[in-house]
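In my numbering, the protein residues as written are 12 to 94. Even for Gly, the Cβ is constructed at its ideal location relative to N, Cα and C. Below you'll find the structure, written out as structure tokens, and then a few comments.
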Amino acid sequence: MILEPADTPARAARLLVADDEPAIVDAVSRYLRHIGHEVRTATTALQALTAARTFMPELILLDVMLPDRAGARGDPARPRSSS
Numbered sequence: 012m013i014l015e016p017a018d019t020p021a022r023a024a025r026l027l028v029a030d031d032e033p034a035i036v037d038a039v040s041r042y043l044r045h046i047g048h049e050v051r052t053a054t055t056a057l058q059a060l061t062a063a064r065t066f067m068p069e070l071i072l073l074d075v076m077l078p079d080r081a082g083a084r085g086d087p088a089r090p091r092s093s094s
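Here you go:
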């Protein structure tokens with residue numbers, strides 16, 4: 012099923028898609044680009060942090076369980092413990 016936007020956004024937003032599942036990153040970023048947004052992607056938390064600092068997205072679609080960081084409540088600069 013291909014979703015067609017009802018209206019094109021008034022302006023393109025800068026969006027960051029961060030997920031460790033390549034199929035999710037691909038599908039979400041393709042659709043967002045299709046409707047006119049500028050999209051960057053990341054498959055690790057470290058890549059997401061770097062992209063957030065350099066690309067300055069207006070919105071981040073984030074998998075909070077990325078394997079290389081602590082998640083939404085943890086310190087994003089500290090590696091996730093293996094508990």
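TODO: Assign residue 53 to one of two classes, buried (16 or more other C-beta atoms within 10 Å of its C-beta) or exposed (fewer than that).
DONE: buried
Task: Where residue 46 falls: helix, strand or coil (DSSP) - done: Of the three classes helix, strand and coil, the one that applies to residue 46 here is coil, per DSSP.
Task: Reduced DSSP secondary structure (H/G/I, E/B, other) of residue 28 - done: strand
- [ ] Could you check if residue 80 is buried or exposed, using at least 16 other CB atoms within 10 Å of its CB as the buried criterion?
- [x] buried
Open item on the list: I need the straight-line Cα distance from residue 30 to residue 21, nearest angstrom please.
Closed with: Inter-residue distance for residue 30 and residue 21 is about 27 Å (C-alpha atoms, whole angstroms).
Open item on the list: Here's the rule I'm using: 16 or more other beta-carbon atoms within 10 Å means buried, otherwise exposed. How should residue 33 be labelled?
Closed with: exposed
TODO: Pull up the DSSP beta-bridge partners for residue 57, would you.
DONE: Its beta-bridge partners do not exist; DSSP assigns none.
Open item on the list: Determine whether the beta carbon atoms of residue 56 and residue 27 lie at a separation below 9 Å.
Closed with: no
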